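Have a look at the structure below, then the notes.
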Amino acid sequence: MTEKFEPKIVAFFCNWCTYTAADLAGVSRLKYAPNVRVIRVMCSGRVDPQFVLEAFARGADGVLLGGCHPGDCHYAEGNYKTLRRMRMLERMLRGMGIHDGRFRLEWISGAEGDKVRTVVNDMTEKVRALGPLDLPGKFKEWDKEMEELETQVNSGPAKGEAVHAR
Amino acid sequence: MPDKPKVAFYWCASCGGCEEAVVDLAEDILKVVEAVDIVLWPVAMDFKKSDIEARPDKSIAASFINGAVRTSEQEEWARLLRRKSQVVVSFGACANSGGIPALANQFHKEDILKFVYEDCPGVDNKAKTRPQTECKDEGRTLSLPELRETVRSLDQVIEVDYYLPGCPPTPKVIMAAVQALLSGKLPPRGTVLSPDIALCEECKRKDSKPADLSLAEFKRPHQVLIDPEKCLLAQGLVCMGPATRSGCEALCPAGNMPCTGCFGPTSRVKDQGAKFVSSVFSNIAPKEEKEIDAVLDGIPDPIGSFYRYGLSKCLLRRKLN
């Protein structure tokens with residue numbers, strides 16, 4: 177493992193504010209860490225906590241969620257719904273051992289291209305310091321305890337032959 | 036009677052309630068017993084592992100397996116029955132999604148063993164003896180199954196053909212499943228044998244469920260006098276109805292207790308707990324972090340509340356290091 181660990185961060189950005197801000201960061205030629213994979217959603221309120229869990233389960237090292245500032249939601253209330261859900265989701269993630277900023281919720285308005293850069297860079301560095309989460313690898317690791325029996329039972333004597341119980 | 040289909044019942048990590056559910060069929064159980072030959076049922080009849088091993092592969096028409104899979108022995112039995120059966124039915128919440136035993140996935144095996152055999156008040160075990168998978172006694176070798184690190188649902192160990200939900204499955208869903216099996220009119224493989232809509236749909240309190248819950252406080256059932264007519268969520272109780280599959284006829288709400296989610300989610304939901312958070316917590320009243328947190332404090336054990344029967348099927352599967 178001499179290769180430097182590059183965190184994979186899945187980012188859900190709302191169409192009206194944070195995605196626009198990321199666009200602005202682009203046209204302003206701001207440079208930031210290439211570790212985020214941005215998924216555009218119409219509203220941060222569209223992000224079901226299931227999406228966050230699935231991102232982790234499929235190998236994300238961090239999940240970033242960006243929406244409009246409170247009061248600025250294009251759909252009036254969407255970001256409040258996000259805030260309430262994600263406060264609860266954070267408690268659950270902590271309970272399951274995913275914490276220390278692997279999940280982050282940020283309000284970034286369409287004018288804050290610079291904040292996209294700051295947040296993405298900061299989160300990338302923090303997650304890099306935490307190291308890989310690698311849930312897909314952990315799932316495989318956890319299931320290794322079943323390997324031995326699987327071969328034993330399924331490669332047992334052919335059908336119909338009597339075997340004595342141990 | 037060689038023509039009757041052969042049926043096996045087995046239990047893994049379970050409380051015995053699912054076995055009770057079979058007996059709960061009352062007179063209907065006679066119809067079942069008439070139609071099938073039971074070749075394995077540890078709770079009620081004396082068969083040995085060697086009896087099953089001696090059978091040809093796929094010679095059992097259907098195996099009903101309840102309980103989560105937590106030990107090497109349960110794993111071995113599940114795999115054996117899979118090999119010998121045409122159809123495996125995952126029976127009850129523990130087999131479907133880990134059930135109550137899967138709550139242990141919030142802890143590490145070592146922590147659990149240490150508490151149970153050393154730290155638990157009332158334990159007198161100065162030598163810190165713990166069960167071993169093998170020990171010698173007067174020249175004989177005795178063995179015990181190994182406790183696994185992770186509690187699994189049945190389908191995380193073997194392929195499962197059908198699921199019967201519930202803690203335990205109700206007589207109605209069991210009979211419907213048995214009739215479908217006997218008549219050969221089977222739905223596609225992998226189907227949960229219960230209506231694929233949310234529990235609220237069949238709850239008598241449905242009409243009093245407000246469109247916007249706007250909850251300012253969560254309460255636990257022992258802290259309030261529960262109104263027997265009104266939607267339980269609207270009363271500030273954690274009722275899992277919106278994130279739970281119907282089929283039980285809303286038994287718990289009918290008994291004036293909130294749904295705890297034992298039928299698991301509908302087919303569109305990947306993670307019952309997260310979906311519950313999605314639907315209910317977006318609708319609490321406050322808008323400021325501090326006030327939101329105060330409302331959330333009313334639920335001291337979110338994982339145990341939202342994944343009471345399904346932590347094995349949480350997308351994260353278990354607690355990390």
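In order, the protein sequence lines correspond to chains A and B.
Just so you know, the first sequence maps onto residues 177 to 342 in the working numbering.
Just so you know, the second sequence maps onto residues 36 to 356 in the working numbering.
Just so it is clear, CB atoms sit at the ideal spot from N, CA and C, and this is done for glycine as well.
Since the model is a prediction, treat every value here as computed from it, not as a measurement.
* First and last residue of the uninterrupted beta strand (DSSP E) at F188 of chain A -> 185–190
* Asked: Is it a yes or a no for the segment 276–286 of chain B touching the segment 230–242 of chain B, going by three-plus beta-carbon pairs under 8 Å?
  -> yes
* To do: Please name the residue or residues paired with G243 of chain A in a DSSP beta bridge.
  => A:W283
* Sequence-distant residues of the same chain with beta carbon closer than 7 Å to L148 of chain B, five excluded per side -> R165
* Give the single residue among B:D247, B:S49, B:R303, B:K239 whose Cα lies nearest to the Cα of N131 of chain B. => B:S49
* **Cα-Cα separation, I261 of chain B to L306 of chain A** => 46 Å
* Give the single residue among B:A212, B:A211, B:V195, B:D247 whose Cα lies nearest to the Cα of R224 of chain B. => B:V195
* Asked: Where do the ends of the alpha helix (DSSP H) carrying E317 of chain A lie?
  -> 311–319
* To do: Write down the C-beta distance between G299 of chain B and Y342 of chain B rounded to the nearest angstrom, noting that I regard them as a contact closer than 8 Å.
  => In fact, because the Cβ distance is near 11 Å, the residues do not count as touching under 8 Å.
* **Whole-angstrom C-beta distance between G286 of chain A and L200 of chain A, which should lie under 8 Å** => 7 Å
* To do: Compare the C-beta of I185 of chain A with all C-beta atoms of chain B and state if any pair is closer than 8 Å.
  => no
* Asked: D237 of chain A CB to nearest chain B CB: under 8 Å?
  -> no
* Between the segment 243–251 of chain B and the segment 157–175 of chain B, do three or more beta carbon pairs fall short of 8 Å? -> no
* From what residue to what residue does the beta strand (DSSP E) around E20 of chain B run? -> Nothing about residue 20 of chain B can be reported from this structure: the residues present for chain B run from 36 to 356 only.
* Quick one: grab the DSSP three-state call for D290 of chain A. => helix
* Under 8 Å, do F82 of chain B and V71 of chain B count as touching if we go by C-beta distance? -> no
* Is C10 of chain B near A103 of chain B, with beta carbons less than 8 Å apart? -> Because chain B spans 36 through 356 in this model, residue 10 of chain B falls outside it and cannot be assessed.
* Between the Cα of N318 of chain B and the Cα atoms of A:G221, A:Y208, A:G247, which residue gives the shortest distance? -> A:G221
* Asked: Taking contact to mean at least 3 C-beta pairs separated by less than 8 Å, is the segment 211–230 of chain B in contact with the segment 288–296 of chain B?
  -> no
* To do: Could you pull the start and end residues of the alpha helix (DSSP H) that F124 of chain A belongs to?
  => As displayed, chain A neither begins before 177 nor continues past 342, which places residue 124 of chain A out of reach and without an answer.
* Give me the Cα-Cα distance between E264 of chain B and F232 of chain A, rounded to the nearest whole angstrom. => 41 Å
* Asked: Taking C-alpha atoms, which residue in A:I284, A:G277, A:R270, A:Q226 lies nearest to Q141 of chain B?
  -> A:R270
* Asked: Where does the unbroken alpha helix (DSSP H) through I95 of chain B begin, and where does it stop?
  -> Not the alpha helix (DSSP H): I95 of chain B falls in the beta strand (DSSP E), residues 95–101.
* **Bridge partners - G238 of chain A, DSSP secondary structure assignment** => A:I185
* Below 8 Å on the Cβ atoms is my guess for A236 of chain A versus I185 of chain A; work out the distance and round it to an integer in Å. => 7 Å
* To do: Compute the beta-carbon to beta-carbon distance between S188 of chain B and S302 of chain B, rounded to the nearest angstrom, for a pair I have assumed lies under 8 Å.
  => Their Cβ separation, rounded to whole angstroms, is 16 Å, which puts S188 of chain B and S302 of chain B out of contact at 8 Å.
* Does F232 of chain A have its Cβ less than 8 Å from a Cβ in chain B? -> yes
* Alpha carbon to alpha carbon, how far is P335 of chain B from E324 of chain A? Give it in angstroms, no decimals. => 40 Å
* Asked: For the 8 Å Cβ check, are there 3 or more pairs between the segment 239–251 of chain A and the segment 211–226 of chain A?
  -> yes
* To the nearest whole angstrom, what separates the beta carbons of F44 of chain B and F99 of chain B, a pair I think is in contact under 8 Å? -> 5 Å
* Can you list the residues of chain D that P337 of chain B reaches, using a CB-CB cut of under 8 Å? -> No chain D is part of this structure, whose protein chains are labelled A and B.
* Asked: Would you say F189 of chain A faces chain B, with C-beta separation under 8 Å as the test?
  -> no
* **Cα-Cα separation between D7 of chain B and V57 of chain B, rounded to whole angstroms** => One cannot answer for residue 7 of chain B here, as it falls past the ends of chain B, which runs 36 to 356.
* Which class does K149 of chain B belong to by DSSP, given the choice of helix, strand or coil? -> helix
* To do: Go ahead and pull the three-state DSSP assignment for D63 of chain B.
  => helix
* Asked: Quick one: is A251 of chain B buried, meaning 16 or more other Cβ sit within 10 Å of its Cβ, or exposed?
  -> exposed
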